[in-house]
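Novice:
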Amino acid sequence: MFQVIHSKIAKIADSPSALNILYIPALLMFAIFIFLPFFQGIVISFMEWDGYSANQIWVGINKYINVFTDSNFYTAVKNTFIYGVGSTLFQNVFGLMFALLLDRNTTGEKVVRTLVYLPAIISGLIMGYIWYFFFSYDGGAINDILALFGKEQIDWLASGSRSVWIITGVNTFQYLGISMIMYLAGLQNISRDYYEAADIDGASYLSKFSNITIPLLMPAITVSVVTNLIGGLKLFDVIAALTGGGPGYESASISTMIYQMYFVRQDAGYAAAQGNIMFIIIAVISIWALKFLRSKEVEI
Amino acid sequence: MNKTLNKLLKKVIVILVGLIYLVPFYILINVAFKPTTDTSSYWMLPKQLYLENFMNAWVNAKLGRAFKNNILITVIVVVIVILVGSFAAYPLARCKTKINNFVYTLSISCLIVPPLTILVPLYKLIVNTTGTSTYPGIVLPHVAFQLPITIFLYTGFISSISRELDEAALIDGSSRFGIFFRIIMPLLKPITSSVIIMVGVSIWNDYTFSVFFLQKPTMYTLTVSLSQFFSQYSNNLSWVAAGCMLSAIPMAILYFSLQKHFVKGLSAGAVKG
Chain A
1 MFQVIHSKIA KIADSPSALN ILYIPALLMF AIFIFLPFFQ GIVISFMEWD
51 GYSANQIWVG INKYINVFTD SNFYTAVKNT FIYGVGSTLF QNVFGLMFAL
101 LLDRNTTGEK VVRTLVYLPA IISGLIMGYI WYFFFSYDGG AINDILALFG
151 KEQIDWLASG SRSVWIITGV NTFQYLGISM IMYLAGLQNI SRDYYEAADI
201 DGASYLSKFS NITIPLLMPA ITVSVVTNLI GGLKLFDVIA ALTGGGPGYE
251 SASISTMIYQ MYFVRQDAGY AAAQGNIMFI IIAVISIWAL KFLRSKEVEI
Chain B
1 MNKTLNKLLK KVIVILVGLI YLVPFYILIN VAFKPTTDTS SYWMLPKQLY
51 LENFMNAWVN AKLGRAFKNN ILITVIVVVI VILVGSFAAY PLARCKTKIN
101 NFVYTLSISC LIVPPLTILV PLYKLIVNTT GTSTYPGIVL PHVAFQLPIT
151 IFLYTGFISS ISRELDEAAL IDGSSRFGIF FRIIMPLLKP ITSSVIIMVG
201 VSIWNDYTFS VFFLQKPTMY TLTVSLSQFF SQYSNNLSWV AAGCMLSAIP
251 MAILYFSLQK HFVKGLSAGA VKG
C-alpha cells in the first residue's frame with residue numbers, strides 16, 4: 001500500500017506537468033504587483049480619496065466625468081499621441097535610413113554606429129538635462145546660434161506646443177539607435193540573391209527598396225514599431241527632466257498628469273481613472289498596430 | 001564617375017551623422033568643465049579644465065551614496081529576474097499544454113501594462129506592505145515589470161534547444177528537474193548575458209519607479225539624486241552638467257568595452273518577435 005502511494009507521488013513529481021511549479025514564483029509576482037493593482041485601480045477610480053487617509057467615498061463614475069470634462073486631460077491625450085506616434089514615426093524612418101547608410105563594416109561606419117547607439121544606454125532623465133543646455137533661455141546653445149545670426153532669443157521651453165516637439169525629438173534622438181540595430185539585423189537576413197536577380201531585370205534602386213527590402217524587413221518593422229509605440233506612449237522621464245509637463249499641463253503626457261494628480265493634487269480617484277483610460281488607449285493602439293503589421297508580413 | 005560621387009556623398013553623410021551625435025556630449029563636457037563665472041558660449045571649449053564642479057556635484061548631489069544604491073538595487077533585481085524568469089520559461093517552452101500557453105500569453109501581455117496606469121494601487125500596496133524607501137519596496141515592482149520580457153527571451157531560447165537532449169537525459173534516469181538544473185541551465189549563458197544587459201540598463205537608468213518608491217534621501221538612486229540636485233541648483237548648470245557626466249560615465253565605459261554584448265542585449269527582444 002505504502003509503496004503504491006510512494007510510487008504514485010514519484011510518478012506525479014516526474015510527470016511533465018510537475019515542472020509547472022517552476023512558473024509559480026513568476027505568476028505570483030504578476031498576480032501581486034500587476035494584476036491585483038490593476039483590479040484595485042478599477043475600484044479606486046470610483047472613489048473620492050486623497051491617497052493616504054482611510055476616507056474612501058464611493059462616487060460612481062464621477063471621476064470619469066471629471067476626467068472627460070477636463071480640458072487639461074485632452075491636452076495630455078493629444079501630447080501622449082505626439083510622443084507615441086511622432087517618436088515612432090521619426091525613430092523608424094531615420095532608424096531605417098541610418099541602417100541603410102551604415103550597413104558596411106568599415107571602421108568609420110562602425111564608429112558612427114557606436115555613437116548613434118550611445119544615447120540608448122544613458123538614462124532618459126540625464127538625456128533630458130543634456131538637451132536642457134541647448135534649449136534653456138539664458139545662454140542655451142541654440143539661442144547662442146540665433147544670436148550669432150542676429151536673431152532674437154527664444155524661450156523654447158516656455159511654450160507647451162514647442163516643448164512637445166522638443167521632447168519628441170529628444171526621445172527620438174535617444175532611442176533611434178535601437179531601431180537602427182533592429183533594421184541592421186533585418187537587412188543582414190535578406191539574401192543578396194534577390195538583389196542580384198532584380199539587377200539582372202534592370203530594377204531601379206527605388207523599386208528594389210519597395211519590392212525587396214521593405215517586404216522582407218516587415219518582421220523587424222513590426223517589432224521596432226510596436227516597442228517604440230509602447231515606449232513613446234508611456235514616456236515619463238524626459239518630460240520630467242525638460243518641462244515637468246509644464247507650463248501648466250501644456251506639455252504633459254497622461255503619465256506625468258497621473259503623477260501630478262496623485263502626488264501633488266492628491267486626487268487618487270482621478271489618477272486611477274486616468275490610469276485605466278491610459279491603459280485602454282495603449283492596449284488598443286499597440287495590439288492594433290501589432291495585428292496590422294503582422295498581416296503585412298510575407299512568408300518566404 | 002557617378003559612382004565615386006555617390007560614395008563620397010555617402011561618406012559625407014556618415015560623418016555628418018556622427019558629428020550630430022557627438023554634439024550633445026561636446027556641449028555637456030564644455031558646460032561641466034567651465035567655472036560658473038565663465039559666461040562664454042557653451043560652444044566654446046573651456047579655457048582650462050576646471051575640476052571643482054565635479055567635486056561639488058559629487059558632494060552636494062551625494063553621488064557616492066546614490067552609486068551604492070544603484071549598484072545594490074540593479075544587482076538584486078537582475079539576479080532575481082534571471083532565476084525566476086528562467087525557471088518559468090522552462091515548463092512554458094517544453095510542455096505546451098493549453099494551460100501553459102495561457103500562462104505564457106498572460107505573462108507576455110504584462111508587457112503592455114505601463115507602470116503609471118497602476119501607479120495609485122501599486123503605491124498603496126508598497127506603502128501597506130514593504131513600505132516606501134526600502135530595498136524590497138523598489139526591487140519587487142522592478143522584478144514584476146522586468147519578468148515579462150525575460151520570460152519571453154528565455155522561452156524563445158529554450159524552445160530552440162533540441163528536445164533530444166532532454167529525452168536522452170530522461171532515459172539515463174535523470175529527473176525532469178535535474179535536466180533543467182544540470183543540462184538546460186548551463187546552456188542558457190548567451191541569452192542570460194542579453195538579459196543581464198537589457199534588464200541591468202533599464203534598472204540602472206530607471207527614474208519612474210525610483211522617484212515613486214524612494215523618498216528618503218538615503219535611498220536615492222542616481223536619477224533621483226540628480227533630479228533633486230537639478231531643482232536645487234538649476235541656476236548652476238555647470239554643477240548639474242558635472243553630475244550628469246559622473247553618473248553617465250560608468251555605464252558608458254561598460255558600453256564601450258562590451259559593445260557587442262550591449263548591442264545584442266538591447267535588441268534581443270527583436271529576435272524571433
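Each protein sequence line maps, in turn, to chains A and B. According to the numbering used here, the first sequence is numbered sequentially starting from 1. According to the numbering used here, the second sequence is numbered sequentially starting from 1. The beta carbon of each residue, even a glycine, is placed where N, CA and C say it ideally should be.
Residue 87/B touches chain A at which residues, Cβ-Cβ below 8 Å?
Specialist: 22, 23, 25 and 26
Novice: Using the beta-carbon count (16 or more within 10 Å), is residue 31/A buried or exposed?
Specialist: Exposed.
Novice: Within 8 Å (strictly less), CB to CB, does residue 131/A reach chain B?
Specialist: yes
Novice: Taking its Cβ as the centre, do 16 or more other Cβ atoms sit within 10 Å of residue 147/A, making it buried, or is it exposed?
Specialist: exposed
Novice: Would the segment 143-153 of chain B count as touching the segment 175-190 of chain B if we require 3 or more Cβ pairs under 8 Å?
Specialist: The answer is no - the segment 175-190 of chain B does not touch the segment 143-153 of chain B, with fewer than three Cβ pairs under 8 Å.
Novice: Helix, strand or coil for residue 58/A? Go by DSSP, reduced to three states.
Specialist: strand
Novice: Three or more beta-carbon pairs under 8 Å between the segment 114-130 of chain A and the segment 237-256 of chain B, yes or no?
Specialist: yes
Novice: Should residue 81/A be flagged as near chain B, meaning a C-beta pair shorter than 8 Å?
Specialist: It does not: the Cβ of residue 81/A has no partner Cβ on chain B nearer than 8 Å.
Novice: In three-state terms, what does DSSP make of residue 297/A?
Specialist: coil
Novice: I'd like to know whether the C-beta atoms of residue 247/B and residue 72/B end up nearer to each other than 8 Å.
Specialist: no
Novice: In the DSSP assignment, the alpha helix (DSSP H) including residue 104/A goes from what residue to what residue?
Specialist: Residue 104/A -> no alpha helix (DSSP H), and no H or E assigned at all.
Novice: Just verifying my parser: in three-state terms, what is the DSSP assignment at residue 287/B?
Specialist: No information on residue 287/B is available, as it lies outside the stretch 1 to 273 that chain B covers here.
Novice: Applying a beta-carbon distance threshold of less than 9 Å, which residues of chain E neighbour residue 62/A?
Specialist: Here the protein chains are A and B, and chain E is not one of them.
Novice: Closer than 8 Å by C-beta to residue 88/A: which residues in its own chain qualify, once you throw out the five before and the five after it? Chain order, please.
Specialist: 225, 228, 229 and 232
Novice: Buried or exposed for residue 60/A, going by 16 or more other Cβ atoms inside 10 Å?
Specialist: exposed
Novice: Determine, using beta carbons only, whether residue 278/A and residue 270/A come nearer to each other than 8 Å.
Specialist: Note that the C-beta distance between residue 278/A and residue 270/A is not below 8 Å.
Novice: Cβ atoms of residue 220/A and residue 259/A: under 8 Å apart, would you say?
Specialist: no
Novice: Please confirm whether residue 213/B has its beta-carbon closer than 8 Å to some beta-carbon of chain A.
Specialist: Not an interface residue.
Novice: Counting pairs of beta carbons, one from the segment 28-41 of chain B and one from the segment 209-216 of chain B, are three or more of them closer than 8 Å?
Specialist: Touching, no, given that fewer than three Cβ pairs across the two stretches are closer than 8 Å.
Novice: Assuming residue 88/B and residue 26/A make a contact with CB atoms under 8 Å, what is their CB distance in whole Å?
Specialist: The Cβ separation is near 4 Å, so the contact holds.
Novice: Within the continuous alpha helix (DSSP H) that includes residue 94/B, where are the two ends?
Specialist: Start and end: 63-94.
Novice: Would you please state the rounded distance, in angstroms, between the beta carbons of residue 107/B and residue 185/B? I believe it to be under 8 Å.
Specialist: In fact, because the Cβ distance is near 20 Å, the residues do not count as touching under 8 Å.
Novice: As a quick exercise: from 291/A, 108/A and 211/A, pick the residue whose alpha carbon is nearest that of residue 190/A.
Specialist: 211/A
Novice: Run the CB neighbour count on residue 250/A, radius 10 Å, all protein chains shown included, and call it buried at 16 or more, exposed below.
Specialist: buried
Novice: Beta carbon of residue 220/B, beta carbon of residue 57/B: below 8 Å?
Specialist: no
Novice: Could you give the distance in angstroms between the alpha-carbon of residue 64/A and the alpha-carbon of residue 286/A?
Specialist: 23 Å
Novice: Is the Cβ-Cβ distance between residue 274/A and residue 67/A less than 8 Å?
Specialist: yes
Novice: Does the separation of the CB atoms of residue 191/B and residue 135/B fall below 8 Å?
Specialist: no
Novice: Using a Cβ cut-off of 8 Å, pull out every chain B residue sitting near residue 213/A, in sequence order please.
Specialist: None at all; the shortest Cβ gap to chain B is about 17 Å.
Novice: Can the beta-carbon of residue 164/A be found less than 8 Å from the beta-carbon of residue 79/A?
Specialist: yes
Novice: Could you give the distance in angstroms between the alpha-carbon of residue 231/B and the alpha-carbon of residue 154/A?
Specialist: 22 Å
Novice: Rounded to a whole number of angstroms, what is the C-alpha to C-alpha distance between residue 334/B and residue 69/A?
Specialist: Because chain B in this structure spans residues 1 to 273, residue 334/B falls outside the shown range and cannot be described.
Novice: Just to confirm before moving on: does the CB-CB distance between residue 214/A and residue 267/B stay below 8 Å?
Specialist: Result no, Cβ atoms of residue 214/A and residue 267/B do not sit closer than 8 Å.
Novice: Mind checking whether residue 31/B and residue 42/B have CB atoms under 8 Å apart?
Specialist: yes
Novice: Excluding sequence positions up to five away, which residues of its chain have a Cβ less than 7 Å from the Cβ of residue 28/B?
Specialist: 241, 244 and 245
Novice: Please list the terminal residues of the continuous alpha helix (DSSP H) segment that includes residue 260/B.
Specialist: 259-266
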